[in-house]
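Below: the structure, in C-alpha cells.
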Amino acid sequence: MSPPELSADFPSLERAGAVVARLAATVDAAASGVLTASSSEVETALPGSATAEAFRSAVRAWAVVVHCVADDLRVIGWGVSATRDRLGRDDAALARDGRL
Amino acid sequence: MADAAALAAWVPQQLAAVTLRLDDGTDDVLAARSSLARDVGGPLFAAADAWRGAAARACEGRLLAVTDQLATVAAGLGDLAGRTDAAVALAAPVEVLRTDLAAAAALDRAVPADPLGVGAILVRLATRRRVDDDVSAVIAADRRAAGGFDDSCAAAHALLRRWNTAALRDLLASEGVPPGIPAPGSEPALVADWWASRTAAERAQWLATSPAVLGSLDGLPASARDTANRLSLQGFLTAYDALRRSAVDELWRAVAAGDLGGVLSCRDRIDALDRRHAFFVSVAGTLADYAEAAGGDVPVQLLLADAEAFGDHGSAAVAFGDVDTAAHVAFVVPGFRQRVVPELRRAASNAWAVRQSAASTAPAAVDVATVAWVGYDVPMGLDVAFAADATAGAGRLRGALRGLRASRPGRPPHLTVIGHSYGSTAAGVMLRDWPDAGVDDFVAIGSPGVGVASARELHVPPGHVWVGAASGDPVDGLARFGADPATEGFGASRFDAETTHHAGWNPFEEHSHYLDAGGPSLANIAAVVSGRPGDVVPAPRRFELPALPSPQWVDPARRAS
Numbered sequence: 001m002s003p004p005e006l007s008a009d010f011p012s013l014e015r016a017g018a019v020v021a022r023l024a025a026t027v028d029a030a031a032s033g034v035l036t037a038s039s040s041e042v043e044t045a046l047p048g049s050a051t052a053e054a055f056r057s058a059v060r061a062w063a064v065v066v067h068c069v070a071d072d073l074r075v076i077g078w079g080v081s082a083t084r085d086r087l088g089r090d091d092a093a094l095a096r097d098g099r100l
Numbered sequence: 101m102a103d104a105a106a107l108a109a110w111v112p113q114q115l116a117a118v119t120l121r122l123d124d125g126t127d128d129v130l131a132a133r134s135s136l137a138r139d140v141g142g143p144l145f146a147a148a149d150a151w152r153g154a155a156a157r158a159c160e161g162r163l164l165a166v167t168d169q170l171a172t173v174a175a176g177l178g179d180l181a182g183r184t185d186a187a188v189a190l191a192a193p194v195e196v197l198r199t200d201l202a203a204a205a206a207l208d209r210a211v212p213a214d215p216l217g218v219g220a221i222l223v224r225l226a227t228r229r230r231v232d233d234d235v236s237a238v239i240a241a242d243r244r245a246a247g248g249f250d251d252s253c254a255a256a257h258a259l260l261r262r263w264n265t266a267a268l269r270d271l272l273a274s275e276g277v278p279p280g281i282p283a284p285g286s287e288p289a290l291v292a293d294w295w296a297s298r299t300a301a302e303r304a305q306w307l308a309t310s311p312a313v314l315g316s317l318d319g320l321p322a323s324a325r326d327t328a329n330r331l332s333l334q335g336f337l338t339a340y341d342a343l344r345r346s347a348v349d350e351l352w353r354a355v356a357a358g359d360l361g362g363v364l365s366c367r368d369r370i371d372a373l374d375r376r377h378a379f380f381v382s383v384a385g386t387l388a389d390y391a392e393a394a395g396g397d398v399p400v401q402l403l404l405a406d407a408e409a410f411g412d413h414g415s416a417a418v419a420f421g422d423v424d425t426a427a428h429v430a431f432v433v434p435g436f437r438q439r440v441v442p443e444l445r446r447a448a449s450n451a452w453a454v455r456q457s458a459a460s461t462a463p464a465a466v467d468v469a470t471v472a473w474v475g476y477d478v479p480m481g482l483d484v485a486f487a488a489d490a491t492a493g494a495g496r497l498r499g500a501l502r503g504l505r506a507s508r509p510g511r512p513p514h515l516t517v518i519g520h521s522y523g524s525t526a527a528g529v530m531l532r533d534w535p536d537a538g539v540d541d542f543v544a545i546g547s548p549g550v551g552v553a554s555a556r557e558l559h560v561p562p563g564h565v566w567v568g569a570a571s572g573d574p575v576d577g578l579a580r581f582g583a584d585p586a587t588e589g590f591g592a593s594r595f596d597a598e599t600t601h602h603a604g605w606n607p608f609e610e611h612s613h614y615l616d617a618g619g620p621s622l623a624n625i626a627a628v629v630s631g632r633p634g635d636v637v638p639a640p641r642r643f644e645l646p647a648l649p650s651p652q653w654v655d656p657a658r659r660a661s
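Residue numbers (my numbering), protein chains in the order written: chain A, 1 to 100; chain B, 101 to 661.
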C-alpha cells in the first residue's frame with residue numbers, strides 16, 4: 001500500500017459510492033420509462049405503420065445502450081465501495097501497528 | 101393497396117407526447133452526467149484532500165469514460181426525440197386523406213340527379229383517384245419517418261458494437277436475428293451487426309467452415325471478405341486436380357458401362373470444374389500481379405470471388421488500398437466484354453491506375469482505395485444494346501455500396517463510382533433508381549448514356565456528376581440509354597478526357613484509353629476520387645465527332661481558343 005492511497009477520505013468515498021449507485025438506478029429508470037411507454041404510444045397513434053415498427057426497434061436498441069451505461073456505473077459504484085472497505089481494513093491494521 | 105380507412109385513422113399528433121417523454125429521458129441522462137461530475141468526480145478527485153493512487157487513477161478513468169458515454173446517449177436520445185417530432189408531419193397527408201375519403205363517402209351516399217350519367221361517374225372516378233394518391237402520399241411519408249428511426253437504431257447498434265458486443269448479440273437474438281450466418285442478400289446493416297456481435301473464435305470458425313458464403317456477404321468488413329475469398333480460392337485450386345481426376349475416372353467408367361446419361365453428366369461436371377478453374381486462375385494471377393506491383397505498400401483485397409455466378413462466368417472484385425479504413429473509396433465498373441475470364445487483369449489495371457494516380461498526384465498523401473468491381477453480368481454480344489444487364493447490375497452494385505456503408509458505421513468514406521462504357525449505364529441506373537446509394541461523386545467515361553435525361557435524376561450532389569468523353573470516341577455520343585451525358589443540356593461537369601491514341605483503322609480505339617497513365621482523363625478522375633474537384637480540368641463544350649475512319653485528336657490546349 002503506497003502512502004498516497006491512504007489519503008482517501010472515507011466519508012467522501014462512501015458518499016461517492018452511494019451517489020454512483022443512485023445515478024445508475026436513475027439512468028436505468030429513464031431507459032425503462034422510454035422503453036415501456038413510448039413504443040406503445042406510437043403503436044396506438046400509428047397502428048400497423050412502418051414508423052411504429054422502426055420506432056420500436058430504435059427504442060429497444062437505445063434502451064439496451066442505456067442499460068449498458070447504467071451497468072458500467074454500477075460497476076464503478078461497487079469498485080468505489082470495495083475500495084472504501086479495503087482502505088478501512090488496511091487503515092485499521094496500520095493504526096494497530098502504530099503507523100497511522 | 102393499403103386500407104385507406106385504416107391509414108385515415110392514424111393520429112400522428114399523438115407523437116408529440118412521445119417526443120416530450122423522450123426529452124424527459126434525455127434530461128434525466130444529462131442530469132445524471134452532471135451529478136456524476138459534480139457529486140462524484142469533484143469531491144473525489146478535485147478536492148484538496150483528493151483520493152490519490154493507482155486505484156484512484158483507475159476509478160477516475162472509468163468515470164470519465166462513462167461521463168462521455170452518458171453524453172453520447174443523451175445526444176442519441178435527443179436525436180430520437182427530434183425524429184419523433186419530425187414524424188408528426190405525417191399528420192398533413194393523413195388529414196388530406198381523411199378529407200378526401202369523407203368526400204368520397206359523401207358522394208357514395210348522395211343520390212345524383214342522373215345516376216347513370218357520365219358526369220357523375222367521372223366525379224366518382226376523380227375522387228377515387230385522389231384517394232389513391234393520398235394513400236400513396238401517406239405511405240411515402242410513413243416510410244420516410246421509418247427510415248429516420250432505422251438510422252437512429254443503426255446508431256445505437258454502432259455504439260453497442262464499440263461498448264458491449266454481448267449486449268448487441270442479445271438484442272439481435274431478441275429481435276429474431278438467427279445466430280448463424282445471415283442468408284445471402286440479407287440487409288447489409290444486419291450482416292454488419294451479426295459479424296460485430298461474434299467473438300473472435302466464432303468468426304474464425306465461420307471463416308474456416310463457410311468461406312464461400314461469407315465472401316459474398318454484403319455488410320461484412322473488407323478484411324473478413326478478403327480472408328474468406330482467399331480461403332475459397334486456395335481451397336478450390338488445391339482440390340481441383342483431385343476433383344477433375346475423379347470426374348474423369350467416373351467418365352471412363354460410364355463409357356465402359358455404356359451409360360450415356362452418366363457420360364453426359366460427367367462431361368458437364370468436368371466442364372464446370374474447368375470453368376471454375378479458369379476463373380480462380382484468373383483471380384489468383386491478378387492478385388499475384390498486383391501483390392508484386394504493390395510491394396507490400398498497398399493492401400490488395402479480394403472482396404468478391406464467386407465462381408458460380410452468371411452461369412459459371414463468375415463475379416469478382418479486387419481492391420487496392422484498405423477499403424475498411426480509406427478516406428476515399430472508388431468503385432470502377434467495367435463495360436462490354438470485360439468478364440472475369442479473361443479480363444479481370446484489365447479491370448484491375450484500371451482500378452490500380454486510378455488508385456496510384458489519386459494517391460500520388462495529391463499535394464499530400466491521400467488514403468485512397470479503389471475497387472475493380474466485376475460484380476455484374478457484363479454484356480458479351482448484342483445484349484449490349486439493351487438495358488437488361490445494366491438494370492440487373494444496378495441492383496448488385498447497390499448491394500455492394502450499401503455493404504460498404506454498413507461495414508463502416510459512423511465513418512463512411514468519400515465514395516466515387518466510375519463507370520466505363522456500359523458500366524456507366526449500370527451505375528447510372530443504380531443512382532437513378534436508389535436515391536439512398538450514398539454516392540458522393542459519379543464519373544461516366546465513354547458512356548453510351550446513363551439511363552436519364554439529366555444529371556439531376558442521379559441523386560448525386562449538384563456539380564458532382566462528371567463526364568469524360570474523348571472527341572474521337574464513337575460510343576460516348578450514342579445516347580443509347582437516355583441523353584448524351586456530355587452535352588450542355590444534361591448538366592454534368594465535363595472534364596478533359598482527350599487521348600493520344602489516334603484511331604487509325606479502328607474507330608473504337610479511343611474508347612479504351614480513358615485510364616491510361618499520363619493522360620488528362622486519368623488525372624481528372626484521380627482528382628475527383630481524392631476529393632479535389634477544384635483540380636479537375638474542364639472541357640467546356642462537346643466536340644463534333646470527326647468523320648470516320650480517321651478521327652483526329654484535338655489538342656486540349658487549342659480548344660479554349
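The beta carbon of each residue, even a glycine, is placed where N, CA and C say it ideally should be.
- Cβ of A/A54 less than 8 Å from any chain B Cβ? Stepping through the first sequence from its first residue, residue 54 of chain A is reached at position 54. Yes - at least one Cβ of chain B is within 8 Å of the one on A/A54.
- Message: Can you find the residues in the same chain that come closer than 6 Å, C-beta to C-beta, to B/A583, ignoring five residues on each side of it along the sequence?
- Response: Reading the second sequence from its first residue, position 483 is the one you call residue 583 of chain B. Correct list, in chain order: A553 and F590.
- Item | Cα-Cα separation, B/A647 to B/L578 | Here residue 647 of chain B refers to the residue found at position 547 of the second sequence. Here residue 578 of chain B refers to the residue found at position 478 of the second sequence. Annotation note: pLDDT 42 at B/A647 (below 50); position unreliable, coordinate value reported separately. Note on geometry: alpha-carbon atoms of B/A647 and B/L578 lie some 15 Å from one another.
- Item | Per DSSP, the bridge partner or partners of B/H257 | On the second sequence, residue 257 of chain B is found 157 positions in, with the first residue counted as 1. B/H257 is not bridged to any residue.
- Three-pair Cβ contact test at 8 Å for the segment 411-422 of chain B versus the segment 347-354 of chain B: Counting C-beta pairs with one atom in each stretch, the segment 411-422 of chain B and the segment 347-354 of chain B have fewer than three that are closer than 8 Å, which means they do not touch.
- Query: Grouping DSSP H, G and I as helix and E and B as strand, with all else coil, what is B/W566?
  - Reply: On the second sequence, residue 566 of chain B is found 466 positions in, with the first residue counted as 1. Strand.
- Message: In this structure, how does DSSP classify B/A494 when only helix, strand and coil are distinguished?
- Response: Here the question's residue 494 of chain B lines up with position 394 in the second sequence. If DSSP states are grouped into helix, strand and coil, B/A494 belongs with the helices.
- How about B/L404 and B/G475: are their beta carbons less than 8 Å apart? As a position in the second sequence, residue 404 of chain B is number 304, starting the count at 1. As a position in the second sequence, residue 475 of chain B is number 375, starting the count at 1. For B/L404 and B/G475, yes; Cβs fall inside 8 Å.
- Query: What does B/T470 pair with, by DSSP beta-bridge criteria?
  - Reply: The count along the second sequence starts at 1 and reaches residue 470 of chain B at position 370. Within the DSSP secondary-structure output, B/T470 pairs in a beta bridge with B/F420 and B/A430.
- Query: Distance, Cα to Cα, B/R663 vs B/I625?
  - Reply: Any answer about residue 663 of chain B is impossible in this case: the structure gives chain B only from 101 up to 661.
- Can a CB atom of chain B be found closer than 8 Å to the CB of A/S57? As a working note, residue 57 of chain A is residue 57 in the first sequence. Yes, contact with chain B.
- Task: Give the residues of chain B in contact with A/W62, contact being defined as C-beta atoms less than 7 Å apart.
- Result: Against the first sequence, residue 62 of chain A aligns to sequence position 62. Residues of chain B passing the Cβ test: G176, L177, L180 and A256.
- DSSP puts B/R594 in a beta bridge; with which residues? Taking the first residue of the second sequence as 1, we reach residue 594 of chain B at position 494. Paired residue(s): B/V567.
- Is the segment 112-127 of chain B touching the segment 26-46 of chain A, taking contact as three or more C-beta pairs under 8 Å? Yes: the two stretches touch, three or more of their Cβ pairs being nearer than 8 Å.
- Task: Below 7 Å between beta carbons is the criterion; list the residues of the segment 153-165 of chain B that meet it against any residue of chain A, in chain order.
- Result: Taking a C-beta cut-off of 7 Å against chain A, the contacting residues of the segment 153-165 of chain B are G153, A155, C159, R162 and L163, listed in chain order.
- Task: Any chance you could list the alpha helix (DSSP H) runs of at least 4 consecutive residues sitting entirely within the segment 115-165 of chain B, in chain order?
- Result: Complete alpha helix (DSSP H) runs here, min 4: 115-135.
- Query: Could one say the Cβ of A/S2 lies closer than 8 Å to chain B's Cβ atoms, at least one of them?
  - Reply: The residue given as residue 2 of chain A occupies position 2 in the first sequence. Low local confidence applies: a pLDDT of 44 at A/S2 is under 50, so the model's placement there is unreliable, and no value is given.
- What separation, rounded to the nearest whole angstrom, lies between the Cα atoms of B/V383 and B/D389? Counted from its first residue, the second sequence places residue 383 of chain B at position 283. Counted from its first residue, the second sequence places residue 389 of chain B at position 289. Counting only the Cα atoms, B/D389 lies some 10 Å from B/V383.
- Message: Helix, strand or coil for B/F436? Go by DSSP, reduced to three states.
- Response: The residue given as residue 436 of chain B occupies position 336 in the second sequence. Judged by DSSP in its simplified three-state form, B/F436 adopts coil rather than helix or strand.
- Query: Residues of chain A with CB under 7 Å from B/D242, in chain order?
  - Reply: Mapped onto the second sequence, residue 242 of chain B falls at position 142. Contact of B/D242 with chain A by beta-carbon distance below 7 Å involves S49, A50 and T51.
- Query: Under the rule that 16 or more other beta-carbon atoms within 10 Å means buried, what is A/T36, buried or exposed?
  - Reply: The count along the first sequence starts at 1 and reaches residue 36 of chain A at position 36. Label assigned to A/T36: exposed.
- What number of angstroms, rounded off, separates the C-alpha of A/T83 from the C-alpha of B/A155? Numbered from 1 along the first sequence, position 83 holds the residue referred to as residue 83 of chain A. Numbered from 1 along the second sequence, position 55 holds the residue referred to as residue 155 of chain B. C-alpha of A/T83 to C-alpha of B/A155: approximately 8 Å in a straight line.
- Just checking, does the segment 184-201 of chain B make contact with the segment 263-276 of chain B on the three C-beta pairs under 8 Å criterion? The answer is no - the segment 263-276 of chain B does not touch the segment 184-201 of chain B, with fewer than three Cβ pairs under 8 Å.
- Item | C-beta contact flag for B/V423 and B/Q401 at 8 Å | The residue you call residue 423 of chain B lines up with position 323 of the second sequence. The residue you call residue 401 of chain B lines up with position 301 of the second sequence. With respect to B/Q401, B/V423 sits close: the two C-beta atoms are nearer than 8 Å.
- With a Cβ-Cβ cutoff of 8 Å, do B/G125 and B/A255 count as a contact? Working through the second sequence from its first residue, we reach residue 125 of chain B at position 25. Working through the second sequence from its first residue, we reach residue 255 of chain B at position 155. The Cβ atoms of B/G125 and B/A255 do not sit closer than 8 Å to each other.
- Is it buried or exposed for B/V637, if we count other Cβ within 10 angstroms and need 16 for buried? The sequence position of residue 637 of chain B within the second sequence is 537, counting from 1. With fewer than 16 other Cβ atoms within 10 Å, it is exposed.
- Collapsed DSSP secondary structure at B/L402 in the structure displayed: Stepping through the second sequence from its first residue, residue 402 of chain B is reached at position 302. Three-state DSSP puts B/L402 in a strand.
- Query: Roughly how many angstroms lie between the CA atoms of B/W473 and B/V433, to the nearest whole one?
  - Reply: Start at 1 with the first residue of the second sequence, and residue 473 of chain B comes out as number 373. Start at 1 with the first residue of the second sequence, and residue 433 of chain B comes out as number 333. Each residue's CA atom was taken as its position, placing B/W473 and B/V433 some 5 Å apart.
- Query: Does the segment 225-236 of chain B come close enough to the segment 164-184 of chain B that 3 or more CB-CB pairs lie under 8 Å?
  - Reply: No, the segment 164-184 of chain B is not in contact with the segment 225-236 of chain B.
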